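This note's numbering puts the first residue of the sequence shown at 1, with every later residue one more than the last. The C-beta atom is built at its ideal place from N, Cα and C for all residues, glycine as well. Note that the structure is predicted; figures quoted are calculated from it, not measured. Read the structure below first, then the notes.
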Amino acid sequence: MEGDIASMGQFIGAGLAGIGSGAAAIGVGHVAGNFLAGALRNPTAAAGQTATLFIGIAFAEALGIFSFLVALLLMFAV
């Protein structure tokens, strides 16, 4: 009985950690959307902000990858 509860806790924790992957996708959408809104307002400054766009996307994706890693560790750790 105790092993069943422990494995249930692992899967619940992995599911909660998997929410971070969806949140990372929302974050990437916000970063790209805000860049596009700013680029449409001031097209001459858009070229200078492209590096900032990629850095923001990289940070948002890194958080998604970390949450995916935590989910895998919770599911398959002994």
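Beta-carbon contacts of residue i that lie in its chain and below 8 Å, excluding the five residues immediately before and after
i: Gly77; result: Residue identity check: residue 77 is Ala in the sequence provided, not Gly. Excluding positions up to five away in sequence, the list reads Gln10.
i: Ala23; result: Leu63, Gly64, Ser67
i: Leu53; result: Val31, Ala32, Phe35
i: Ile19; result: Ser67
Check whether residue i and residue j have beta carbons under 8 Å apart
i: Ala25; j: Ile57; result: no
Neighbourhood of residue i by C-beta, 7 Å cutoff - its chain only, sequence neighbours within 5 removed
i: Leu74; result: Gln10, Gly13, Ala14, Ala17
i: Val28; result: Ile57, Ala60, Glu61
i: Ala39; result: Ala46
Straight-line Cα distance separating residue j from residue i
i: Gly34; j: Asp4; result: This sequence places Asn at residue 34; Gly is not what is there. Rounded to the nearest angstrom, the two C-alpha atoms are 46 Å apart.
i: Ala37; j: Ala71; result: 34 Å
i: Ala47; j: Ser21; result: 29 Å
Three-way DSSP call (helix, strand, coil) for residue i in this model
i: Ala23; result: helix
i: Ala77; result: coil
Requested in this report: May I have a chain-ordered list of the alpha helix (DSSP H) segments no shorter than 4 residues that lie completely inside the stretch 30-61?
Outcome: 43-46
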